[in-house]
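J.: All residue numbers for the sequence shown refer to the numbering used here, where the first residue is 601 and numbers rise by one. Quick reminder that beta carbons are idealized off the backbone N, C-alpha and C, glycines included. One structure follows; several queries about it will come next.
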Amino acid sequence: METKTQKPKYQEDYEKNVVPALMEKFGYKNRMAVPRLEKIVINMGIGEARDNPKLIESARRDLSMIVGQMPKVTKARKAVSNFKIREGMSIGCAVTLRGRRMYEFLQRFIEVACPRIRDFRGFMDRSFDGHGNFTFGLTDQTIFPEVELDKVERTQGMSITLSTTAQADEEGRELLKSLGFPFRK
601 METKTQKPKY QEDYEKNVVP ALMEKFGYKN RMAVPRLEKI VINMGIGEAR DNPKLIESAR
661 RDLSMIVGQM PKVTKARKAV SNFKIREGMS IGCAVTLRGR RMYEFLQRFI EVACPRIRDF
721 RGFMDRSFDG HGNFTFGLTD QTIFPEVELD KVERTQGMSI TLSTTAQADE EGRELLKSLG
781 FPFRK
């Protein structure tokens with residue numbers, strides 16, 4: 601007997617509550633014109649990887665535990681002598697989440713990880729790029745409960761980009777607010 605898998609909570613909330621609210625607020629005539637979350641890109645840059653290549657594997661392991669898929673290793677595009685980096689050297693890892701995994705990560709981030717950030721009062725809403733995409737940084741990967749604290753060799757920050765189909769920052773901001781993203785008041 602085949603069972604239908606249930607959609608993630610934030611995806612259902614988007615379809616049932618956010619779309620009608622945004623259609624009313626911005627006057628969209630069609631549901632497909634409403635901005636939606638397209639992808640989440642998480643990037644960990646590891647500057648010390650040039651001296652210690654094991655740090656890349658450690659960061660990859662932590663990031664794969666957090667998101668549930670294996671990140672790719674990013675390599676330097678060109679040599680930068682001031683940073684002692686040669687072209688093709690491994691300098692970080694990145695992962696792109698779409699669909700179900702994206703909504704599940706967003707839910708875990710908002711409901712579980714954000715409350716674990718020390719002195720957290722919300723994210724500043726000034727980091728939009730002009731096209732409705734929002735980028736912010738975290739200084740510590742241990743806010744995610746999936747990371748085993750005993751196996752963390754060093755705390756590692758990450759950059760997270762929420763990419764939307766919005767045409768302007770105001771639409772992207774309203775979309776993320778409607779999904780429950782914690783902006784500072």
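For residue 641 and residue 667, I'd like the C-alpha separation in whole angstroms.
T.: 11 Å
J.: Does the Cβ of residue 663 lie closer than 6 Å to at least one heavy atom of the ligand SAH?
T.: The ligand content of the structure shown is nil, which means the ligand SAH is not present either.
J.: Should residue 764 go down as buried or exposed, given a rule of 16 or more other Cβ atoms within 10 Å for buried?
T.: buried
J.: Measuring alpha carbon to alpha carbon, tell me which residue in 754, 742, 743 and 773 is nearest residue 730.
T.: 773
J.: Go ahead and label residue 620 buried or exposed: buried means 16 or more other beta carbons lie within 10 angstroms of its beta carbon, across all protein chains shown.
T.: exposed
J.: Have a look at residue 747 and residue 612 and give me their C-alpha separation to the nearest angstrom.
T.: 27 Å
J.: CA-CA distance, residue 720 and residue 609?
T.: 24 Å
J.: Using a threshold of 7 Å, state whether the C-beta atoms of residue 713 and residue 760 are closer than that.
T.: no
J.: Would you kindly work out how many angstroms separate the C-alpha atoms of residue 693 and residue 687, rounded to a whole number?
T.: 16 Å
J.: Can you tell me whether residue 695 is buried or exposed? The criterion is at least 16 other CB atoms within 10 Å of its CB, across all chains shown.
T.: Buried, since its Cβ has 16 or more Cβ neighbours within 10 Å.
J.: Roughly how many whole angstroms lie between the Cα atoms of residue 784 and residue 717?
T.: Taking the straight line from one Cα to the other gives about 14 Å.
J.: Just to check my reading of the structure: residue 733 and residue 762 have Cβ atoms closer than 8 Å, yes? What is that Cβ distance to the nearest angstrom?
T.: 7 Å
J.: Report the residue from 677, 739, 643 and 678 whose alpha carbon sits nearest the alpha carbon of residue 670.
T.: Residue 643 is the option with its Cα nearest to residue 670.
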